[in-house]
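Trainee:
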Amino acid sequence: MTGPRRPGRWRKSSRSGESTNCVEIGQAPGLVGIRDTKNREGGTLVVGSAAFGALLTAVKAGRLG
Numbered sequence: 462m463t464g465p466r467r468p469g470r471w472r473k474s475s476r477s478g479e480s481t482n483c484v485e486i487g488q489a490p491g492l493v494g495i496r497d498t499k500n501r502e503g504g505t506l507v508v509g510s511a512a513f514g515a516l517l518t519a520v521k522a523g524r525l526g
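The sequence shown maps to residues 462 to 526 in our numbering.
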């Protein structure tokens, strides 16, 4: 995410502890950025807030395998 939509703060789940085996999210108006903590400079997946909410719902329901 670049420019005015770049998130100012990234965060990861408190359940992940000190491990780098997780992802971080950063929010900007209407968007959510997702990146790998092992390779923060490797790129960011950017999705709309509604799509991210649907992804979380599917994960929590166990619908993704």
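Note that beta-carbon positions come from the ideal geometry of N, C-alpha and C, so glycine has one too.
Just so it is clear, the structure is predicted and the values come from calculations on it, not from any experiment.
Between the alpha carbons of V493 and W471, how many angstroms are there, rounded?
Mentor: So the two alpha carbons sit approximately 10 Å from each other.
Trainee: Under a three-way DSSP split, which group does A515 fall into?
Mentor: Here A515 sits in helix by DSSP.
Trainee: Report all residues from its chain with a CB closer than 6 Å to the CB of I486; omit the five preceding and five following residues, and keep chain order.
Mentor: Taken in chain order, the residues that qualify are V493, I495.
Trainee: Please report how far the alpha carbon of N482 lies from the alpha carbon of L525, in whole angstroms.
Mentor: Taking the straight line joining both Cα atoms gives about 19 Å.
Trainee: Since I believe T498 is in contact with V484 (beta carbons under 8 Å), could you give me their beta-carbon distance rounded to a whole number of angstroms?
Mentor: Indeed they touch by this definition, with Cβ atoms about 7 Å apart.
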